[in-house]
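Numbering (the working numbering), first residue to last: -7 to 525.
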């Protein structure tokens, strides 16, 4: 390979890439220096990829790297010194700061989100701001390899369950099968089918969105074609999953549960995914025809793999710019500081187990129960209390539930009842944050969630809020941000959930409100023994 030495002393390309040892050293140092700081996040990412809904994760970096090499063909080696690298250093600094915060609060989600920001900064530092922006599609695609935060995952999952259940029941009714929907439970009379978390369609949604994104990037057609393909990914995944649920309901009615289970095993996972992909190809073909494009679909996709090896070799020619040196030193310094820093001493205070919670409280008598093993496993709490309290002076009892998590940083988080109630067949009639007054208690006035739920003719009133570290919040988002703040400040992420339920009888909703508030007034001052402040 031939090379020329330019007047400024830089080695330039004439017939092929020539390695630049100094640039390669600083580039490699920048990458390797991230390992101590991002190790926690990478471990969490590997664990997420082992779960079915995120098992597509390892494929995403491979596809992104292909798109990156393809984009490099449009960005030839710079003919003049690159002067706009410093914004990339700032982006690297932002990624490092986010990763440090994630490590401080011990939340791996934050760390691997920071990794995407850091990668974007490295690209902008290496190529400069103007030329580096060309690579935004490949960098943005990496987002699809990341799992959602747990609390957001459960909210989306619950919403998709409801949508899939509703459409599935509509399909069953269209086939002339009498059916009734209670929350996420499809009642066929003889059989009842629960649309569980695994049937929400979420495990199909992420890989389909990733594929659609790559397809739109490689598709050589009008922008509106690309937008239609991108926007169709989510409804397509939901509709295909609803079709699956509907067919199962019809099979159960006609042939029994055994035939439905056989269909379920065949039409899950990659079968649904491949069916969605086939529909996307068909949509692209139809739009081609409508636009007068007679090319075969294969020619409309930019699938040129030639020259990728040469683009890969260009990495070895990277220039040792001041910006890259600063980025490497900044990354190495922060990683070393994190590695050498003493372990944080933040731990939740000692607490009493819920087994010691009083069973007799101001005229209320409680009986404890145990959750089903599958529900207890899904809850993931370190401790919980499920009890029913009755009072001879009240027309109905109170279902009292407490859960406690020593840490919410490694996958287990508090599950909002809003996401769980439909799974038990309850329909959420209304849910709103309200302020309640508990005079004579430490809580005084505070905000909680008030929901009215219904199953058939039965109605119940639900109060719940998130409790922990001396804070209480009705909003799940407020509770999560408070946990992040306390994790940064005190190294604590413990917390719990308080939920009370009572039946709405003939005396009406107002009487149910009064009953719950009387029960809470008798119990809330005892909570700090079990959910530490």
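The C-beta atom is built at its ideal place from N, Cα and C for all residues, glycine as well.
Item                                                                                                                                                                                        : Value
Less than 8 angstroms separating the beta-carbons of residue 245 and residue 154?                                                                                                           : no
Would residue 169 pass as a contact of residue 241 if the rule is Cβ separation under 8 angstroms?                                                                                          : yes
State the DSSP-derived secondary structure class of residue 179, mapped to helix, strand or coil.                                                                                           : strand
Using DSSP with H/G/I as helix, E/B as strand and the rest coil, what is residue 395?                                                                                                       : strand
Can you tell me where the beta strand (DSSP E) holding residue 221 begins and where it ends?                                                                                                : That residue, residue 221, is in no beta strand (DSSP E); its alpha helix (DSSP H) goes 215 to 247.
Determine the closest residue to residue 109 out of 122, 80, 95 and 15, with distance taken between C-alpha atoms.                                                                          : 80
Quick one: using the 10 Å Cβ neighbour count with 16 as the cut-off for buried, is residue 462 buried or exposed?                                                                           : exposed
Sorted by chain position, which residues of the same chain lie with C-beta nearer than 6 angstroms to residue 208's C-beta, five sequence neighbours on each side aside?                    : 218, 221 and 222
Compute the Euclidean distance between the alpha carbons of residue -4 and residue 22, then round it to the nearest angstrom.                                                               : Confidence is the limiting factor: at residue -4 the pLDDT is only 34, short of 50, which leaves the residue's position unreliable and the question unanswerable from this model.
By Cβ distance, which residues of its chain are closer than 8 angstroms to residue 315, with the 5 residues on each side in sequence left out?                                              : 77, 78, 80, 81 and 117
Using CA coordinates, which residue listed in 125, 366, 357 and 369 is at the minimum distance from residue 382?                                                                            : 357
Would you please state the rounded distance, in angstroms, between the beta carbons of residue 90 and residue 106? I believe it to be under 8 angstroms.                                    : 4 angstroms
Can you tell me which residues form a DSSP beta bridge with residue 429?                                                                                                                    : 437
Leaving aside the five residues before and after residue 426 along the sequence, list all residues of the same chain whose C-beta is less than 6 angstroms from its C-beta, in chain order. : 442
Cα-Cα, which of 296, 34 and 200 is closest to residue 65?                                                                                                                                   : 296
I'd like to check one pair, residue 29 with residue 332: are the Cβ atoms closer than 8 angstroms?                                                                                          : no
Between residue 32 and residue 97, which are expected to be in contact by the criterion C-beta below 8 angstroms, what is the C-beta distance as a whole number of angstroms?               : With a Cβ gap of about 11 angstroms, residue 32 and residue 97 do not count as contacting.
Three or more C-beta pairs closer than 8 angstroms, one from the region 45 to 53 and one from the region 342 to 353: is that the case here?                                                 : no
Tell me the DSSP secondary structure of residue 580 in three-state form.                                                                                                                    : Not covered by the structure: residue 580. The range shown for the chain is -7 to 525.
Whose C-beta lies closer than 6 angstroms to the C-beta of residue 476 among residues of the same chain, with five residues either side of it excluded?                                     : 97
Say the cut is 7 angstroms; is the CB of residue 203 nearer than that to a heavy atom of the ligand MN?                                                                                     : Absence of the ligand MN from the depicted structure is noted, as is the absence of any ligand whatsoever, leaving it without description.
According to the neighbour-count rule (16 or more other Cβ atoms, all chains shown, within 10 Å of its Cβ), is residue 490 buried or exposed?                                               : buried
Helix, strand or coil, according to DSSP, for residue 295 in the structure here?                                                                                                            : coil
To the nearest angstrom, how far is the alpha carbon of residue 63 from that of residue 165?                                                                                                : 50 angstroms
Tell me the rounded alpha-carbon separation between residue 444 and residue 59.                                                                                                             : 50 angstroms
Residue range of the alpha helix (DSSP H) that residue 307 falls in?                                                                                                                        : Premise fails: residue 307 is in no alpha helix (DSSP H) and is neither H nor E.
Pop quiz: residue 452 and residue 494 are said to be a contact at Cβ under 8 angstroms. What is the actual Cβ separation, rounded to whole angstroms?                                       : 7 angstroms
In or out: residue -6 buried (at least 16 other Cβ within 10 Å) or exposed?                                                                                                                 : Confidence at residue -6 is low in this model, with a pLDDT of 34, below 50, so the placement of that residue should be treated as unreliable; the coordinate-derived value is given next. Looking at its Cβ environment, which holds fewer than 16 other Cβ atoms inside 10 Å, residue -6 is exposed.
Taking only the alpha-carbon atoms, compute the straight-line gap between residue 229 and residue 243 and give it to the nearest angstrom.                                                  : 21 angstroms
How about residue 196 and residue 232: do their beta carbons lie closer than 8 angstroms?                                                                                                   : yes
Have a look at residue 120 and residue 74 and give me their C-alpha separation to the nearest angstrom.                                                                                     : 6 angstroms
Determine whether the beta carbon atoms of residue 322 and residue 84 lie at a separation below 8 angstroms.                                                                                : yes
Mind checking which residues open and close the beta strand (DSSP E) that includes residue 357?                                                                                             : 356 to 361
Within the continuous beta strand (DSSP E) that includes residue 492, where are the two ends?                                                                                               : 487 to 495
Could you check whether residue 349 and residue 377 sit closer than 8 angstroms to each other, using their CB atoms as the reference points?                                                : yes
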